[in-house]
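Just so we're aligned, residue -2 is where the sequence shown starts under our numbering, counting upward by one. C-beta: ideal position from N, C-alpha, C; glycine also. Because the structure is a prediction, the values reported are computed rather than measured.
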Amino acid sequence: MPTHPWKRDEEDVVIKIGRRTLEEIHAHAKSTYPEECCGLLIASSGSKEVVDSVKMRNAFSGPKHDRYHIDPLELFKADREVARRGLTIAGIYHSHPDYPATLSKFDLEHSFPWYSYVVVSVPKGEAGDTRSWLPSEERNSVTEEKIEVHDRMPEDKGVSLKA
Ligand SMILES: [Zn+2]
-2 MPTHPWKRDE
8 EDVVIKIGRR
18 TLEEIHAHAK
28 STYPEECCGL
38 LIASSGSKEV
48 VDSVKMRNAF
58 SGPKHDRYHI
68 DPLELFKADR
78 EVARRGLTIA
88 GIYHSHPDYP
98 ATLSKFDLEH
108 SFPWYSYVVV
118 SVPKGEAGDT
128 RSWLPSEERN
138 SVTEEKIEVH
148 DRMPEDKGVS
158 LKA
């Protein structure tokens, strides 16, 4: 089996996402087209089992068709709220209107290495290819993380952050 020096370990990395959550992310990506959307992937504590998502405001100050920015204070507040409910932020999702679902150099340079980055390609306004990426600690390379879509998450107890 080939090994890749940039991989964190020998095992394939996987992020599990509930189907309902993935559909919400796709709907968000379509609704903001042709601008990028962004939001948080909410997982059971200490896991990569995404049971919910939280929409965030794209706070990028320039044109938003190929950039997004999450306000650090809004991220901090969301993190505190998520932790209060016994959950954790496993990553950040955003969309690429009319662009592939790869992590751009800009994305990588502005990433937090402890998060998974799910990118949704939105060709012509339709949610398409969806891939997940893990930045290296130096933020100079990425590892693709396999997305497993689950109809029902093992630990999904119907918990929701939405009002
Ligand atoms: Zn991007």
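Distance cut-off 8 angstroms: residue i Cβ against heavy atoms of ligand 1
| i | result |
| --- | --- |
| V169 | Not covered by the structure: residue 169. The range shown for the chain is -2 to 160. |
| H66 | no |
| F103 | yes |
| L100 | yes |
| D63 | yes |
| E33 | yes |
| H93 | yes |
Proximity below 9 angstroms, CB of residue i to CB of residue j
| i | j | result |
| --- | --- | --- |
| S118 | T127 | yes |
| A26 | S92 | yes |
| H107 | H147 | no |
| A24 | M53 | no |
| L131 | P97 | no |
| G177 | I22 | Look at the range of the chain in this structure, -2 to 160, and you will see that residue 177 is not part of it. |
| D63 | E20 | no |
| S129 | G83 | no |
Cross-strand partners of residue i (DSSP beta bridge)
| i | result |
| --- | --- |
| I144 | I12 |
| M53 | C35 |
| R128 | V116 |
| E46 | K13 |
| V79 | DSSP, once it has assigned bridges, lists no residue as partnering V79. |
| L40 | Per the sequence shown, the amino acid found at residue 40 is Ala instead of Leu. BP columns for A40 point to V47, T85. |
| P110 | Paired residue(s): none; P110 is not in a bridge. |
| Y90 | G36, V115 |
Nearest-angstrom Cβ-Cβ length linking residue i and residue j, presumed shorter than 8 angstroms
| i | j | result |
| --- | --- | --- |
| V10 | E134 | With 8 angstroms as the limit, V10 and E134 do not qualify as a contact, their Cβ atoms being about 14 angstroms apart. |
| K121 | D95 | 7 angstroms |
| V115 | L38 | 6 angstroms |
| L105 | R136 | 6 angstroms |
| D68 | A80 | Not really, about 18 angstroms apart at Cβ, beyond 8 angstroms. |
Any non-hydrogen atom of ligand 3 closer than 8 angstroms to residue i Cβ
| i | result |
| --- | --- |
| A56 | For the structure depicted, ligand 3 is absent and the ligand set comprises only ligand 1. |
Task: the stretch 8 to 27 contacting the stretch 36 to 49, beta-carbon criterion three pairs below 8 angstroms - done: yes
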